[in-house]
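Each remark here refers to the structure printed beneath this line.
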Amino acid sequence: MDINITNKSDKIEFLSKYFAYIEAIRHYKVPDKTTLKNLLGVAWPTLQNAIKDFDIKNSPIKSNSEGFFLDRDFSIHAGISIGATQIKLYLCNFDFEPLTESYFESIGLKEIYKSLKQDDVRVADEKSVDEGYFCYNRENSVDGIAWRLKKIFDCLIQIDNQTQKLLSVGISFPGIINKDNLRIDFSPNIKCLRNVFIKDLLSIELWKRLEKNEISVFFEHDTQAASIYEKEALYCKSEKKEDYSSAKNVCCVYIAAGIGASLILNNKLCRGGTNSFGEFGHTPAPDLLVDKIQNSMLSIEEFTDKFSYEGITPTIEENQDINSIKKVTKHISPCECGKIACLESAFRRNVFDSYDLDNYLERINNQNELKNFNETHPYRYRVLKEYIGYMIGLLINFFNPDIIIFSGRIVWEISQLHNELNTIKANSAIGIPAQNCNIILGTQKIYSAAAGTAISSYHSLVNGDSFCDICW
Ligand SMILES: [Zn+2]
2 MDINITNKSD KIEFLSKYFA YIEAIRHYKV PDKTTLKNLL GVAWPTLQNA IKDFDIKNSP
62 IKSNSEGFFL DRDFSIHAGI SIGATQIKLY LCNFDFEPLT ESYFESIGLK EIYKSLKQDD
122 VRVADEKSVD EGYFCYNREN SVDGIAWRLK KIFDCLIQID NQTQKLLSVG ISFPGIINKD
182 NLRIDFSPNI KCLRNVFIKD LLSIELWKRL EKNEISVFFE HDTQAASIYE KEALYCKSEK
242 KEDYSSAKNV CCVYIAAGIG ASLILNNKLC RGGTNSFGEF GHTPAPDLLV DKIQNSMLSI
302 EEFTDKFSYE GITPTIEENQ DINSIKKVTK HISPCECGKI ACLESAFRRN VFDSYDLDNY
362 LERINNQNEL KNFNETHPYR YRVLKEYIGY MIGLLINFFN PDIIIFSGRI VWEISQLHNE
422 LNTIKANSAI GIPAQNCNII LGTQKIYSAA AGTAISSYHS LVNGDSFCDI CW
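All the letters of the sequence shown, read from the start, carry residue numbers 2 to 473 under this note's numbering.
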């Protein structure tokens with residue numbers, strides 16, 4: 002019996018049924034029958050019998066003389082990340098590769114590509130590199146976010162009308178999301194997202210159109226989405242010099258507008274009891290050791306940086322005790338999380354002298370400010386290293402991961418920091434767990450959260466629920 006599985010519900014049934022095989026083929030690149038049997042414990046004839054109900058020619062599992070591979074054109078998935086600095090859209094094929102301009106041209110949808118690109122806020126030379134993602138201004142109101150989502154979904158539905166292949170869309174948010182009723186309790190860096198039911202961000206009419214086109218929409222947490230993308234990327238050997246694909250305990254730290262961590266433990270994404278794993282940006286944090294170093298122990302450059310950053314270069318009187326010079330203490334208002342001394346606010350204040358989010362975002366979005374940060378701000382750079390060390394120490398000593406992946410603008414842009422990550426690690430965590438933990442930079446894709454959200458939506462489609470268990 003041949004079933005035409007170009008039909009969406011048949012496709013989804015196929016994905017659910019053969020998910021483990023598909024993922025093994027995805028990760029182990031053209032495995033042969035013996036490798037597949039060793040990986041999954043089921044012999045190929047058993048699988049072949051099981052899938053003969055489906056028309057194998059139309060399944061995503063293809064084979065050649067060397068082994069099995071996936072049909073990248075089997076389906077399309079989309080991820081939208083609602084961030085504090087930008088809203089990003091990533092569209093990918095079944096191999097999670099981005100859909101580029103030439104793909105849109107090949108399916109006769111150049112106009113849709115143009116309309117998606119219309120409001121892209123990247124500077125001209127960034128935009129000319131066709132990386133297959135779209136980047137829009139942040140929105141500060143629920144209405145604004147709903148407006149942007151509608152514009153994006155209008156295009157997505159047109160893509161689906163043309164291809165019939167868009168199976169799932171994911172939308173990710175930062176903050177505390179109640180997964181039982183899909184409500185964002187609060188999002189420290191997007192203030193309007195407080196007690197907002199996520200489903201209300203799309204109109205009833207839009208939900209109906211999505212249902213008609215059989216496009217499933219799921220939700221995700223943005224830090225976890227970024228780690229889903231980074232974990233997937235570990236299997237792409239071409240991208241990395243070293244092979245970390247066998248790492249089962251993977252910790253991801255994202256430092257951008259906020260500070261978040263996520264953990265994949267024994268190859269399973271940790272979500273926590275209430276879906277709030279990894280909000281360690283909002284744990285109480287000390288004003289670290291550097292503050293305890295006496296002024297007389299600083300170099301002249303460090304001393305100048307410590308004080309002049311605030312616009313005040315103290316004049317030192319003759320015979321004055323240099324250690325008596327104090328920083329001006331500004332008024333510190335509590336973080337949106339309600340704590341006055343959480344890691345995020347201490348980090349912003351002590352490293353970037355920023356007392357509010359907008360000022361901080363302005364600083365970290367300025368590439369020149371970050372590029373030579375270690376030279377222009379030698380004192381602040383020491384403080385930065387202390388905070389990075391604090392995070393590394395906590396994560397290694399608590400979770401004993403095989404690998405920590407750092408992402409986000411601050412770690413990417415300050416190149417000297419990459420060189421020193423191992424030294425910082427040695428200085429911050431205990432012996433053997435530290436020795437065995439590799440610290441690497443992530444893929445440096447600024448769309449990692451959007452791409453991870455697209456991948457997560459595929460897992461949710463197979464599992465039938467947002468925030469589902471994701472295993473590798
Ligand atoms: Zn906080």
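Even glycine gets a Cβ: it sits at the ideal position worked out from N, Cα and C.
### Task
Buried or exposed for GLU436, please, with buried defined as at least 16 other CB atoms from any protein chain shown within 10 angstroms of its CB.
Looking at the sequence itself, residue 436 is Gln, so the reference to Glu does not match. Only exposed fits GLN436, as fewer than 16 other CB atoms lie within 10 angstroms of its CB.
### Task
May I ask which residues mark the beginning and end of the beta strand (DSSP E) holding GLU221?
Residue range 217 to 222 is occupied by the beta strand (DSSP E) that includes GLU221.
### Message
Would GLY273 and GLU221 be called neighbours here (beta carbons separated by less than 8 Å)?
### Response
Against a cut-off of 8 Å, the Cβ pair of GLU221 and GLY273 comes out as no contact.
### Query
Is LEU168 closer than 8 Å to SER217 when the C-beta atoms are compared?
One thing to note: SER217 has its Cβ within 8 Å of the Cβ of LEU168.
### Message
Under 7 Å: does the beta carbon of GLY282 sit that close to some heavy atom of ligand 1?
### Response
Under cutoff, so the answer is yes.
### C-alpha gap between PHE198 and ARG184, whole angstroms
Rounded to the nearest angstrom, the two C-alpha atoms are 4 Å apart.
### Message
Rounded to whole angstroms, what is the Cα-Cα separation between GLY80 and ASP470?
### Response
GLY80 and ASP470 have their alpha carbons spaced roughly 18 Å apart.
#### Entry: Residue range of the beta strand (DSSP E) that includes ASP186
From DSSP, the beta strand (DSSP E) with ASP186 extends over 184 to 187.
### Query
What do you get for TRP148, buried or exposed, if any count of 16 or more other CB atoms within 10 angstroms of its CB means buried?
With fewer than 16 neighbouring CB atoms inside 10 Å of its own CB, TRP148 falls in the exposed class.
### Message
Buried or exposed for VAL463, going by 16 or more other Cβ atoms inside 10 Å?
### Response
Its Cβ being crowded by 16 or more others within 10 Å, VAL463 is buried.
### Uninterrupted beta strand (DSSP E) stretches inside the segment 223 to 277 (no shorter than 3 residues)
Correct list: 251 to 256 and 260 to 266.
### Query
From this set, GLU243, GLN295 and GLY176, which residue's C-alpha is nearest GLY282's C-alpha?
Among GLU243, GLN295 and GLY176, the Cα nearest to that of GLY282 belongs to GLY176.
### Every unbroken alpha helix (DSSP H) within the segment 146 to 216, with a cutoff of 4 residues, ordered by chain
Under the rule that a run must span 4 or more residues, the alpha helix (DSSP H) segments found entirely inside the segment 146 to 216 read 205 to 213.
### Message
If I follow the unbroken alpha helix (DSSP H) through LYS372, where does it start and stop?
### Response
368 to 372 is the extent of the alpha helix (DSSP H) around LYS372.
### Task
Kindly give me the distance between the Cβ atoms of ASP404 and ALA248, rounded to whole angstroms, as I take these residues to be in contact under 8 Å.
According to the sequence as given, residue 404 is Ile; it is not Asp. Between ALA248 and ILE404 the Cβ distance is about 5 Å, and since that is below 8 Å, they are a contact.
### Query
With distances taken from CA atoms, which of ASN428, GLU337 and TRP413 is nearest ILE444?
The sequence as given places Thr at residue 444; Ile does not occur at that position. Taking each of ASN428, GLU337 and TRP413 in turn and checking the Cα distance to THR444, the smallest one comes out for TRP413.
### Message
Using a Cβ-based criterion (distance less than 7 Å to any ligand heavy atom), does SER346 qualify as near ligand 1?
### Response
Checking every heavy atom of ligand 1 against the Cβ of SER346, one is found closer than 7 Å.
### Query
Quick check: the segment 332 to 340 against the segment 184 to 194, are there 3 or more CB pairs under 8 Å?
Result yes; three or more Cβ-Cβ pairs closer than 8 Å.
### Query
Can you name, in chain order, every residue of its own chain whose Cβ lies under 6 Å from the Cβ of GLU302, other than the five neighbours on each side?
These residues qualify, in order along the chain: PRO379.
### Query
Can you give, in chain order, each stretch of the alpha helix (DSSP H) that sits fully within the segment 410 to 456 and has at least 4 residues?
410 to 414, 416 to 429 and 432 to 436, all fully within the segment 410 to 456.
### Query
Does the beta carbon of LYS340 fall short of 7 Å from some heavy atom of ligand 1?
Answer for LYS340: yes, Cβ within range of ligand 1.
### Message
My output table needs one value for PHE135: the three-state DSSP class, helix, strand or coil.
### Response
DSSP places PHE135 in strand when its eight states are reduced to three.
### Task
Express the C-alpha separation of LYS9 and GLU215 in angstroms, rounding to a whole number.
In a straight line, the C-alpha of GLU215 is about 7 Å away from that of LYS9.
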